[in-house]
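Numbering (this note's numbering), first residue to last: 1391 to 1760.
For every residue, glycine included, the Cβ atom is placed at its ideal position computed from N, Cα and C.
Worksheet: the structure to be examined is printed underneath.
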């Protein structure tokens, strides 16, 4: 199959200031619900998470209103485009990434495209239901070539003249150009297809598109300045103190010591901060750190379901949510470890890598039907 990466047949490009916050800046359902309670107006955040709006309706009950909201946003803030791919450039204080926004066929997942991480099954089911109901992709997954780099030069070469969209926020500037049918579009798509791809960001979007049988909107980028930040874990709603955690983990045979001068965790450990102080916990070898934290420190010793309501991922730089009892901070995963897992056909634990810079949601929407 040679056309697994293809142009966006029917799309809508942003033609006004973005409505609402960047969807991908939110890491936790509680955070999303709080943002929507503060501003329940039309936004892509509300379109993607309509069941988190005030009112307590289920996802199934909320999706028709979400579809109507998306129609209003497209009519108000977007203009239609046809048969385009989009050279995309992100620049900020820590570097630049360039790539191509296009559609990817779901049949390529597992063949040309492989997941970088495991996923939460409940999140995938929700996102697949939303894709089927909306018929439109509003956020892009980020896919990274695992070898070679024909893509960066091709994308930068096509990013000429005034961009179709330019948005600045969070210290970064996002610029997007549109390339219609022709030699240059063919060259960009050939560069996208030139190497196998790793899902760097958006593993749940990729799995949801495959489950829904719909095309995937993707930014394919080789950087050149991609970085992996840390993703931690929080415990909330348990009432556990640092002293209680230390007792439980020591009984399980873990090496735990009180610490007051540890700012940055190193591989093979987690720094735990909460009520009553700070702990440094040495993690036993054999599995990736995130897997040890979820399976041993949380599930086996504390009886907490890593997919349940008391455990949440926390990207570095994000504040913990309300009611947090403790934060378990972990070191960033080296890119070499991610690539080794990919080469061996393995996935990293879910929510263990935080690739940046990421594309901004909502600059280019893509119809998924037809």
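Integer-rounded CB distance, given that residue j should sit under 8 Å from residue i
i	j	result
residue 1399	residue 1473	6 Å
residue 1596	residue 1505	7 Å
residue 1725	residue 1611	Their Cβ separation, rounded to whole angstroms, is 14 Å, which puts residue 1725 and residue 1611 out of contact at 8 Å.
residue 1526	residue 1608	With a Cβ gap of about 15 Å, residue 1526 and residue 1608 do not count as contacting.
residue 1765	residue 1555	Residue 1765 lies beyond the stretch modelled for the chain, which goes from 1391 to 1760, so this question has no answer here.
residue 1632	residue 1579	Their Cβ separation, rounded to whole angstroms, is 53 Å, which puts residue 1632 and residue 1579 out of contact at 8 Å.
residue 1755	residue 1402	4 Å
residue 1475	residue 1575	6 Å
residue 1460	residue 1439	Not confirmed; about 13 Å, so no contact.
residue 1762	residue 1715	It is not possible to answer for residue 1762, since the shown part of the chain is limited to 1391 through 1760.
residue 1717	residue 1738	The Cβ separation is near 20 Å, so there is no contact.
residue 1667	residue 1648	6 Å
residue 1499	residue 1600	5 Å
residue 1592	residue 1532	6 Å
residue 1544	residue 1501	Actually they do not touch by this definition, with Cβ atoms about 22 Å apart.
Any non-hydrogen atom of the ligand GDP closer than 8 Å to residue i Cβ
i	result
residue 1663	Among the components modelled here there is no ligand, and therefore nothing to report on the ligand GDP.
Proximity of residue i and residue j at Cβ, strictly below 9 Å
i	j	result
residue 1735	residue 1614	no
residue 1705	residue 1622	yes
residue 1652	residue 1721	no
residue 1488	residue 1546	yes
residue 1664	residue 1625	yes
residue 1740	residue 1507	yes
residue 1699	residue 1627	yes
residue 1442	residue 1524	no
residue 1376	residue 1678	Residue coverage of the chain in this structure runs from 1391 to 1760, which leaves residue 1376 outside it and unanswerable.
residue 1586	residue 1536	yes
residue 1712	residue 1557	no
residue 1598	residue 1516	yes
residue 1729	residue 1588	yes
residue 1509	residue 1745	no
residue 1521	residue 1694	no
residue 1684	residue 1674	no
residue 1463	residue 1490	no
residue 1583	residue 1548	no
residue 1430	residue 1444	yes
residue 1553	residue 1397	no
residue 1749	residue 1414	yes
residue 1616	residue 1411	no
residue 1467	residue 1409	yes
residue 1450	residue 1519	yes
Status (buried if at least 16 other CB within 10 Å, exposed otherwise) for residue i
i	result
residue 1690	exposed
residue 1448	exposed
residue 1405	exposed
residue 1703	buried
residue 1452	buried
residue 1528	buried
residue 1433	buried
residue 1605	buried
residue 1469	exposed
residue 1569	buried
residue 1672	exposed
residue 1395	buried
residue 1573	exposed
residue 1731	buried
residue 1620	buried
Report the residue ranges of all beta strand (DSSP E) runs contained in full by the region 1485–1521; include only those spanning at least 3 residues, in chain order.
-> Counting only runs of 3 or more, we get 1485–1494.
The region 1479–1497 / the region 1547–1566 touching (three or more Cβ pairs under 8 Å) = Contact holds: three or more Cβ-Cβ distances are below 8 Å.
Quick one: which unbroken alpha helix (DSSP H) runs of 4-plus residues sit fully inside the region 1671–1747? Chain order, please.
-> The region 1671–1747 contains these whole alpha helix (DSSP H) runs: 1679–1682, 1725–1733.
Is it a yes or a no for the region 1629–1639 touching the region 1662–1676, going by three-plus beta-carbon pairs under 8 Å?
-> Judged by Cβ distances under 8 Å, the region 1629–1639 makes contact with the region 1662–1676, as three or more pairs qualify.
Run through the region 1525–1568 for me and flag every whole alpha helix (DSSP H) of 4 or more residues, listed as ranges in chain order.
-> Counting only runs of 4 or more, we get 1541–1548.
Let me know the beta strand (DSSP E) ranges lying completely inside the region 1636–1666, each 3 residues or longer, listed in chain order.
-> List check, beta strand (DSSP E) in window: 1646–1648, 1659–1664.
Completely contained alpha helix (DSSP H) runs for the region 1423–1486, where each covers 4 or more residues | Counting only runs of 4 or more, we get 1434–1438, 1449–1467.
Residue ranges of each beta strand (DSSP E) within the region 1562–1610, 3 or longer | Whole beta strand (DSSP E) segments, 3+ residues: 1562–1566, 1587–1591.
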